[in-house]
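Number of protein chains: 2
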Amino acid sequence: MPSDTDEAAKLETGGPIDLSALVALIGYQLRRAQLAVFDDFIRSFADHNIRPSQYGVLTAIDRNPGSSQAAIAQSLAIKRSNFVKLIDEFERRKLVVRRQVAADRRANALYLTKAGQSVIEQFHAIRAAHEARISALIGSPKEQKLFLEQLSRLSALRETLED
Amino acid sequence: MPSDTDEAAKLETGGPIDLSALVALIGYQLRRAQLAVFDDFIRSFADHNIRPSQYGVLTAIDRNPGSSQAAIAQSLAIKRSNFVKLIDEFERRKLVVRRQVAADRRANALYLTKAGQSVIEQFHAIRAAHEARISALIGSPKEQKLFLEQLSRLSALRETLED
DNA sequence: TATTGTTATACTCTATAACTATA
DNA sequence: TATAGTTATAGAGTATAACAATA
Chain S
1 MPSDTDEAAK LETGGPIDLS ALVALIGYQL RRAQLAVFDD FIRSFADHNI RPSQYGVLTA
61 IDRNPGSSQA AIAQSLAIKR SNFVKLIDEF ERRKLVVRRQ VAADRRANAL YLTKAGQSVI
121 EQFHAIRAAH EARISALIGS PKEQKLFLEQ LSRLSALRET LED
Chain R
1 MPSDTDEAAK LETGGPIDLS ALVALIGYQL RRAQLAVFDD FIRSFADHNI RPSQYGVLTA
61 IDRNPGSSQA AIAQSLAIKR SNFVKLIDEF ERRKLVVRRQ VAADRRANAL YLTKAGQSVI
121 EQFHAIRAAH EARISALIGS PKEQKLFLEQ LSRLSALRET LED
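See below:
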């Protein structure tokens, strides 16, 4: 045990760093796993320059066409203010259109463009290959189902405490 | 299906947004779960102003006293350049000391101070309560063990591809 | 009064390049 | 030549406050 003085120390180079106290922690492993999975996702979409959050936004618009920015953003836990630039880029890339709403002139209704509908089909195929790769690491379909349920239970920790 | 023209749209407000296409994806659920668990961790450590990554660094130093900045940073997948300010703050808070190494004057050996060793005991207790809360959501000890193994397998996806 | 979209801003995390002093 | 620590910088991601238009 070193004192807090300023004597020179010896370098402990006895092999690799022991992280056994951390690898037993769910939060630590959860973070590492999430980074690895996102890494694989990003690599899978490198040709299309699509990140996981962008895939989520496009999918949400595709499945809920005509919903407002606020509604889509909230469902994905993205702040309305941070959602603006995301949609700006999709409009620039001609994948999404904002349309005025007659009944509520504050709102923008979001839709995929024809081009957006076309590319999202490709995206789903890429995502399916990625998902198959990930799922195989979890185990059998039964184990995959339990794994997703366990993750859902952890997510619910937050939902019950949100504002 | 809307055209890409600029006619006014109707707002689809038929209930909540359908995210069923996303909640079935491991990456999506992994991200949400990780955010929820980190949220609980941060709330648990609010009185001590310690984030998950900081807890990881202090634990790694505690278990590997005298290791260099480079060694600890690499083990935690933190860039050496980003590690500097982390350690700066710990030194400012008198939890960690950098000590010169006689045998290699480029390196800094890292140690917890007496104060650091004292507070990390408290931190471990807080972390244990947090971990118990999280573990209970996963299931039985046997299920917890499998869950951690599954996360490890996903993490390994990245390690095998790292530079 | 409250909500929608927006802008501005700030803080964290992460990534890269380049410097210095040492090896 | 290569490595350790450092600085500077830039890009994401995320958070809050405030504003105009509209409800």
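Read top to bottom, the protein sequences are chains S and R.
Quick note on numbering: the first sequence equals residues 1 to 163 in this note's numbering.
Quick note on numbering: the second sequence equals residues 1 to 163 in this note's numbering.
Note that CB positions come from ideal geometry on N, CA and C, so glycine has one too.
Just so we're clear, the structure is a prediction, and the values are computed from it rather than from any experiment.
If you look at residue 98 (chain S), you'll find it in the beta strand (DSSP E) that goes 96-100. Identification of chain R residues near residue 131 (chain S) by a Cβ-Cβ cut-off of 7 Å yields 25 and 26, ordered along the chain. The C-beta of residue 12 (chain S) comes closer than 7 Å to at least one C-beta of chain R.
Taking every protein chain shown into account, the CB of residue 37 (chain S) has 16 or more other CB atoms within 10 angstroms, so this residue is buried. Contact of residue 44 (chain R) with chain S is not assigned, every C-beta pair being separated by 7 Å or more. Residue contact check for residue 150 (chain S) against chain R: a CB pair falls below 7 Å. When DSSP reads this structure, residue 20 (chain R) sits in no beta bridge, so it has no partner.
The straight-line gap separating the alpha-carbon atoms of residue 12 (chain S) and residue 73 (chain R) is approximately 15 Å. Bridge pairing for residue 108 (chain S): S:100 [DSSP]. If you ignore the 5 residues before and after residue 40 (chain S), its C-beta comes within less than 8 Å of the C-beta of 130, 133 and 134, all in its own chain and listed in chain order. S:118 is the residue among S:106, S:105, S:100 and S:118 whose C-alpha sits nearest the C-alpha of residue 59 (chain S). The residues 138, in chain order, have a CB closer than 7 Å to that of residue 147 (chain S) in the same chain once the five nearest residues on each side in sequence are set aside. In this structure, DSSP gives residue 53 (chain S) a helical state, which the three-state scheme calls helix.
Apart from the 5 residues on each side of it in sequence, residue 83 (chain S) sits with its Cβ closer than 7 Å to the Cβ of 69 and 73 in its chain, given in chain order. Taking the C-beta atoms as reference points, residue 155 (chain S) is found nearer than 7 Å to residue 32 (chain R).
In the structure shown, residue 33 (chain S) adopts helical secondary structure according to DSSP, grouped into three states. Only residues of its own chain outside the window of five on either side were considered, and among them 107 and 109 have a CB closer than 6 Å to the CB of residue 101 (chain R), listed in chain order.
Listed in chain order, the non-local C-beta contacts of residue 65 (chain R) below 6 Å within the same chain comprise 111, local neighbours out to five positions each way being set aside. Counting along the chain, the unbroken alpha helix (DSSP H) around residue 72 (chain R) starts and ends at 69-75. Look at the segment 64-96 of chain S: the residues with a C-beta under 9 Å from a C-beta of chain R are 64, 65, 66, 67, 68, 71, 72, 74, 75, 76, 77 and 94. If you ignore the 5 residues before and after residue 94 (chain R), its C-beta comes within less than 8 Å of the C-beta of 113, 115 and 116, all in its own chain and listed in chain order.
Taking 7 Å as the threshold, the shortest C-beta distance from residue 157 (chain S) to chain R falls below it. With fewer than 16 other CB atoms across the displayed protein chains lying within 10 angstroms of its CB, residue 88 (chain S) is exposed. Rounded to the nearest angstrom, the Cβ distance from residue 52 (chain S) to residue 56 (chain R) is 23 Å, too far for a contact under 8 Å. Residue 135 (chain R) reaches chain S at 26, counting residues in chain order whose Cβ is nearer than 8 Å. Checking the DSSP bridge columns, you'll see residue 46 (chain S) has no partner listed. Excluding five sequence positions before and after residue 91 (chain S), the CB atoms of its chain that fall closer than 7 Å to its own CB belong to 97 and 98, given in chain order.
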